[in-house]
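Student: In this note's numbering, the protein residues as written are 154 to 468.
Starting off with a structure, shown below.
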């Protein structure tokens with residue numbers, strides 16, 4: 154187990170190094186000159202532009218800029234925002250709790266709806282329950298987030314007055330108001346992913362229910378709920394976990410449209426503002442944190458595989 158974990162960590166390090174090269178290289182392809190943006194009204198003064206470029210190391214070769222950036226990154230320094238002159242790490246720490254809350258709420262909603270619906274659909278294949286679950290899943294996948302968000306605001310905020318239409322309140326200030334401001338965007342994000350979970354769970358369960366060990370369990374006279382819940386579901390969860398790590402990573406990376414509709418100050422809004430203002434350090438910092446989140450979730454997924462199926466520990 155420990156040997157496997159060390160090998161996986163050994164694979165993660167070069168992966169993150171390659172990602173750092175890609176992140177820095179792609180960032181250089183963005184149009185525009187940050188020095189001109191930062192100069193403001195003095196953008197026509199060549200001396201001011203030269204001083205800004207020297208301060209930001211924009212007058213150095215690309216490989217030297219990358220080396221300095223990587224060195225700071227290895228020491229936990231994500232740099233300073235060129236636009237608002239604040240540490241990028243501080244900006245990310247301010248937005249990360251918002252994105253974590255919204256992403257985790259959306260993920261819980263998607264799993265709570267999608268996985269049970271997929272199990273029921275597979276257990277009652279080609280019956281009304283299966284048709285209903287497939288119809289709901291198709292509707293969830295096909296409905297655009299921005300349209301669903303607007304419709305929910307019109308219904309629950311404008312017509313019924315149950316929930317605030319936009320804004321965000323931290324959990325530490327008022328947990329009830331915080332849940333009220335995030336439940337609609339979380340449902341908008343989780344609804345579409347629930348349909349994806351349902352389809353994958355259904356396909357995996359149908360495959361598992363056709364295996365010999367399931368027929369043997371039924372031949373022994375075990376109740377159907379035991380056959381489905383204990384024998385089939387455990388083996389069907391492997392592809393569902395893979396999907397879950399990917400979708401959770403996407404949620405924690407920020408949801409631009411949903412955050413804009415509900416005025417949620419998360420990662421999505423942060424990176425959009427940074428891109429429009431050519432604030433390279435913020436874009437790089439957010440993408441680096443997102444990459445680390447994805448790689449970490451991949452490792453967690455592998456650990457869950459072995460917890461569910463002990464045979465993988467000796468594979």
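Glycine included, C-beta positions come from ideal geometry on N, C-alpha and C.
Just so we're clear, the structure is a prediction, and the values are computed from it rather than from any experiment.
Quick one: complete alpha helix (DSSP H) runs, 4+ long, within the stretch 401 to 462?
Tutor: Listed in chain order, the complete alpha helix (DSSP H) runs (minimum 4 residues) inside the stretch 401 to 462 are 409 to 415, 420 to 429, 433 to 461.
Student: Where DSSP assigns a beta bridge to residue 240, which residues make up the other side?
Tutor: Paired residues: 233.
Student: What does the Cβ neighbour count give for residue 412, buried or exposed, with the cut at 16 atoms within 10 Å?
Tutor: Buried is the call here.
Student: Along the chain, where does the alpha helix (DSSP H) containing residue 219 start, and where does it finish?
Tutor: Looking at the DSSP string, the run of the alpha helix (DSSP H) that includes residue 219 is 215 to 227.
Student: Under a three-way DSSP split, which group does residue 366 fall into?
Tutor: Residue state, collapsed to three classes: helix.
Student: Does residue 283 come out as helix, strand or coil in the three-state DSSP assignment?
Tutor: It is helical.
Student: When we look at the beta-carbon of residue 235 and count the other beta-carbons within 10 Å, is it buried (16 or more) or exposed?
Tutor: It is buried - the Cβ of residue 235 has at least 16 other Cβ atoms within 10 Å.
Student: Can you look up residue 322 in the DSSP assignment and give me helix, strand or coil?
Tutor: Three-state DSSP puts residue 322 in coil, outside helix and strand.
Student: From the DSSP output, in three-state form, read off residue 374 for me.
Tutor: Three-state result, residue 374: coil.
Student: Determine the closest residue to residue 246 out of 176, 223, 423, 283, with distance taken between C-alpha atoms.
Tutor: Per the Cα distances, 423.
Student: Can at least three beta-carbon pairs, one atom from the stretch 397 to 411 and one from the stretch 242 to 262, be found at a separation below 8 Å?
Tutor: With the cut-off at 8 Å, the stretch 397 to 411 and the stretch 242 to 262 touch.
Student: If we count the other Cβ atoms within 10 Å of its Cβ and call it buried at 16 or more, is residue 433 buried or exposed?
Tutor: Burial call: buried.
Student: Can at least three beta-carbon pairs, one atom from the stretch 316 to 336 and one from the stretch 362 to 376, be found at a separation below 8 Å?
Tutor: These segments do not touch.
Student: On the three-state DSSP scale, how would you describe residue 296?
Tutor: Residue state, collapsed to three classes: coil.
Student: So, using beta-carbon positions, are residue 343 and residue 274 closer together than 7 Å?
Tutor: Going by C-beta atoms, residue 343 is not nearer than 7 Å to residue 274.
Student: Could you check if residue 304 is buried or exposed, using at least 16 other CB atoms within 10 Å of its CB as the buried criterion?
Tutor: Burial call: exposed.
Student: If the criterion is Cβ atoms closer than 7 Å, does the pair residue 251 and residue 418 meet it?
Tutor: Yes, the Cβ-Cβ distance between residue 251 and residue 418 is below 7 Å.
Student: For residue 337 and residue 302, what's the separation of their Cα atoms in angstroms?
Tutor: Each residue's alpha carbon lies about 7 Å from the other.
Student: Give the single residue among 410, 459, 188, 461 whose Cα lies nearest to the Cα of residue 212.
Tutor: Out of 410, 459, 188, 461, 188 has the C-alpha closest to the C-alpha of residue 212.
Student: Contact between the stretch 283 to 299 and the stretch 379 to 399: three or more CB pairs below 8 Å?
Tutor: These segments do not touch.
Student: Short of 6 Å in beta carbon distance, which residues of its chain neighbour residue 231, apart from the five on each side in sequence? Order them along the chain.
Tutor: These residues qualify, in order along the chain: 241, 242, 438.
Student: Is it the case that the stretch 307 to 319 contacts the stretch 361 to 372, given that we only count it when at least three CB pairs across the two stretches are under 8 Å?
Tutor: No: fewer than three Cβ pairs fall under 8 Å.
Student: Count the other C-beta atoms from every protein chain shown that fall within 10 angstroms of the C-beta of residue 306, then say buried if there are 16 or more, exposed otherwise.
Tutor: Its Cβ being crowded by 16 or more others within 10 Å, residue 306 is buried.
Student: Look up residue 163 in the DSSP assignment and say whether it is helix, strand or coil.
Tutor: Residue 163 falls in the helix class under three-state DSSP.
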